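Chains A and B, in that order, give the protein sequences.
If you use this note's numbering, the first sequence closes out at 282, no skipped numbers anywhere.
If you use this note's numbering, the second sequence closes out at 543, no skipped numbers anywhere.
C-beta: ideal position from N, C-alpha, C; glycine also.
Just so it is clear, the structure is predicted and the values come from calculations on it, not from any experiment.
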Amino acid sequence: MAIIEAWHKLMDILPFAWTHYVFMKNALLAILLITPLFAILGTMVVSNRMAFFTEVLGHSALTGIAIGVILGFHDPTIPMLLVAVVLAVAVNLLKDWTKASADTVLGVFFAFIIALGIVILSRQGGFVKYTNYLIGDILVVEPKQIAWFFLIGMVVLLYWYAAGNAIILASVNTSLARSRLINTFLIETSFTILLALVVIISVRLVGILIINSLLILPAAASRNISRSVYSYTILALVISIFSGVSGLIASYYWGTSSGATIVLFASVFYAISALIGRRLRV
Amino acid sequence: MRNTCEHCCTKIENLTVKFGGNIILDKVNLHVNCGEVIAVVGPNGAGKTSLLKTMMGELPYQGKIIFRVEGRVSKKPRIGYVPQKLQFDPASPVSVADLVASAISYHPVWTGVSRDLLVKVKNVLSLFSAEHLLKRRIGELSGGELQRLLLAIAMTPEPELLLLDEPASGVDVKGLSLFYRIVDDLRKKHDIAVILVTHDLVGVSNYADRVILLNRSVIAEGEPKDMLLNEKLVKAFGPMLWNISCLPVLTTKEKSKNGNH
Chain A
1 MAIIEAWHKL MDILPFAWTH YVFMKNALLA ILLITPLFAI LGTMVVSNRM AFFTEVLGHS
61 ALTGIAIGVI LGFHDPTIPM LLVAVVLAVA VNLLKDWTKA SADTVLGVFF AFIIALGIVI
121 LSRQGGFVKY TNYLIGDILV VEPKQIAWFF LIGMVVLLYW YAAGNAIILA SVNTSLARSR
181 LINTFLIETS FTILLALVVI ISVRLVGILI INSLLILPAA ASRNISRSVY SYTILALVIS
241 IFSGVSGLIA SYYWGTSSGA TIVLFASVFY AISALIGRRL RV
Chain B
283 MRNTCEHCCT KIENLTVKFG GNIILDKVNL HVNCGEVIAV VGPNGAGKTS LLKTMMGELP
343 YQGKIIFRVE GRVSKKPRIG YVPQKLQFDP ASPVSVADLV ASAISYHPVW TGVSRDLLVK
403 VKNVLSLFSA EHLLKRRIGE LSGGELQRLL LAIAMTPEPE LLLLDEPASG VDVKGLSLFY
463 RIVDDLRKKH DIAVILVTHD LVGVSNYADR VILLNRSVIA EGEPKDMLLN EKLVKAFGPM
523 LWNISCLPVL TTKEKSKNGN H
């Protein structure tokens with residue numbers, strides 16, 4: 001908490017109107033912690049063609065909230081996490097057992113999980129109460145949550161350091177990875193659980209509807225112009241952090257939703273990189 | 283052909299693999315000695331790839347697979363594997379250096395490939411006429427270049443058994459003969475056992491010690507020159523065998539006539 005107070009003091013030095021508000025100071029710190037996480041995880045989500053999976057993961061938050069309501073949880077974070085982690089493991093198991101295309105398995109889960117969430121939450125017309133989860137609000141972030149982001153950020157970094165190479169090999173060919181004694185099921189499952197964690201703890205801030213774009217866009221933009229894993233990662237980080245900070249500041253001046261504004265900035269980066277990439281590769 | 287198994291070999295006895303009620307492999311017996319190149323041929327769906335995957339421990343099976351390394355039975359031998367096709371996105375940013383480095387080193391490549399590691403990667407690639415590919419993205423490689431890259435990875439560290447799945451598919455004739463020559467060289471220098479699944483019977487006949495016709499079980503087995511005339515092989519493939527067998531020869535002549543590679 002002392003670090004957060006120091007951060008607040010540091011922000012006071014800046015000569016901008018928006019840096020005087022505590023909620024903006026916290027929001028900026030949260031953005032600086034979340035966006036690198038999303039960028040790093042996003043690189044592998046895009047490489048492993050898991051964009052649909054993370055979309056389902058984001059939407060599973062609805063069911064998590066619903067189950068939280070039924071069980072009488074005041075804060076739905078824990079049921080949300082449980083639903084997302086169970087979903088992540090179930091999808092991996094089903095993929096392994098049925099050998100069905102991931103698309104089909106996910107399509108089934110997607111329909112079921114959203115329907116279940118909406119049915120429970122819409123009882124007696126109560127769904128409106130939960131719409132803030134759909135759009136998200138980064139300005140409500142609290143110091144305690146920021147501490148969580150920091151902790152999970154460290155976990156992701158350690159995981160990425162230890163398992164990054166295995167994930168790359170598995171993304172190119174699972175049999176190739178297995179021939180090098182990599183347990184691909186363990187790698188894929190642990191990666192999806194980590195994704196579930198990061199998506200769920202940020203979904204209240206970014207919003208169910210757009211959380212996936214934040215994961216996909218920086219990596220997809222970086223992919224257009226990268227020629228190595230290193231440049232892919234670094235560019236995704238830069239694009240993610242830059243979109244995050246500029247989107248947050250723009251949303252303050254425009255009076256718009258921060259999450260959606262950040263996604264718009266990232267989309268612009270994607271468009272630019274697609275154009276540059278076309279020139280580089282044609 | 284050596285039949286003893288004193289020093290190192292792979293023995294497959296009564297191997298049966300079932301999947302979803304279908305019998306994929308039925309009582310397969312196979313014996314591979316070190317330094318031997320075995321070509322496995324057979325129609326599509328004959329269980330050739332499943333045989334390799336079972337040997338790698340990916341599919342549950344009945345029967346025995348015994349690996350003997352340096353005179354002792356080994357449960358987990360080092361297996362080098364070159365997959366048939368890679369289903370990666372051609373736009374993938376992964377470079378040749380990234381792929382090799384991530385396979386041979388624990389240092390995470392997303393933090394960059396250090397100079398020392400790059401030298402190691404270059405050395406590995408140079409043994410397979412692939413050092414010039416270092417900075418290329420894997421999506422930019424031709425079929426033959428990709429095969430050599432995968433072979434370089436499969437050979438580092440040196441395996442006890444090398445499994446090659448359809449190295450001929452998607453590779454031009456020049457690339458293919460370079461690939462066979464490298465494999466032949468490896469077998470001679472390092473005395474490793476090679477199992478090669480292929481459709482290109484004529485192409486491998488100069489390099490393989492034995493050819494095995496597989497269609498769920500071993501239908502016929504023998505030296506390449508005999509197998510080319512084997513009745514069962516002709517029956518199994520039908521008249522297609524001769525088309526497949528003659529194709530690479532014709533293509534070589536035609537292409538050299540046209541001055542292409």
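In this structure, the beta-carbon distance from L264 of chain A to I146 of chain A does not fall below 8 Å. When the beta-carbon positions are compared, V319 of chain B and D491 of chain B come within less than 8 Å of each other. Listed along chain A, no residue sits closer than 7 Å to V314 of chain B by beta-carbon distance, the nearest being about 17 Å off. In this structure, the beta-carbon distance from M337 of chain B to L428 of chain B does not fall below 8 Å. Of the candidates B:F410, B:P390, B:G457 and B:Y343, the residue whose Cα lies closest to the Cα of G425 of chain B is B:G457. For G362 of chain B, the nearest CB of chain A lies under 8 Å from its own CB, placing it at the interface with that chain.
With a cutoff of 8 Å on beta-carbon distance, L121 of chain A and S258 of chain A are scored as not near each other. Out of A:I65, A:G72 and A:S60, the CA that lies nearest to the CA of V108 of chain A is found in A:S60.
In the DSSP assignment, Y363 of chain B forms a beta bridge with B:L445. About 7 Å separates the beta carbons of L468 of chain B and M437 of chain B, which is inside the 8 Å limit, making them a contact pair. At a Cβ-Cβ threshold of 8 Å, L416 of chain B and V378 of chain B count as neighbours.
Ranked by Cα distance from T77 of chain A, the options A:A274, A:K95, A:A250 and A:I201 are led by A:I201. According to DSSP, residue pairing for A266 of chain A in a beta bridge does not occur. Interface residue (Cβ-Cβ distance to chain A less than 8 Å): R419 of chain B is classified as such. Shortest Cα-Cα distance from I40 of chain A to any of A:I113, A:L93, A:V105 and A:G164 involves A:G164. For the pair L443 of chain B and L333 of chain B, the CB atoms are not nearer than the 8 Å cut-off.
Secondary structure of L81 of chain A (DSSP, three-state): helix. Under the 10 Å beta carbon count, E448 of chain B is surrounded by 16 or more other beta carbons and is classified as buried.
As the crow flies, the alpha-carbon of A219 of chain A is around 43 Å from that of L307 of chain B. Residues of the region 170-186 of chain A with a Cβ closer than 8 Å to any Cβ of chain B, in chain order: S171, V172, N173, S175, L176, R178, S179, R180 and L181. Chain-order list of chain B residues neighbouring W160 of chain A: P390 and W392, by C-beta distance under 8 Å.
In summary, the residues of the region 201-226 of chain A whose CB is separated from some CB of chain B by less than 7 Å are R223 and S226, in the order they occur in the chain.
Assigned with DSSP and collapsed to three states, I4 of chain A falls in helix.
Here H313 of chain B is bridged, per DSSP, to B:K293. Between V119 of chain A and chain B, the shortest Cβ-Cβ separation is not below 8 Å.
By the Cβ neighbour-count rule, P390 of chain B is buried, with 16 or more other Cβ atoms within 10 Å of its own.
Restricting attention to B:A450, B:L460, B:P441 and B:G504, the CA atom closest to the CA of V476 of chain B is found in B:P441.
Under a criterion of Cβ atoms nearer than 9 Å, the residues of chain A adjacent to L368 of chain B are, in order, V172, N173 and L176.
Chain-order list of chain A residues neighbouring L381 of chain B: V172, by C-beta distance under 7 Å.
According to the DSSP assignment, L496 of chain B belongs to the beta strand (DSSP E) that extends over R492 to N497. A direct Cα-Cα distance of roughly 43 Å separates P375 of chain B from K129 of chain A. Taking 8 Å as the threshold, the shortest C-beta distance from A328 of chain B to chain A does not fall below it. Less than 8 Å divides the Cβ of R223 of chain A from the Cβ of V46 of chain A. Here G207 of chain A is buried. Its C-beta has 16 or more other C-beta atoms within 10 Å. Per DSSP, the beta bridge partners of S356 of chain B are B:F349.
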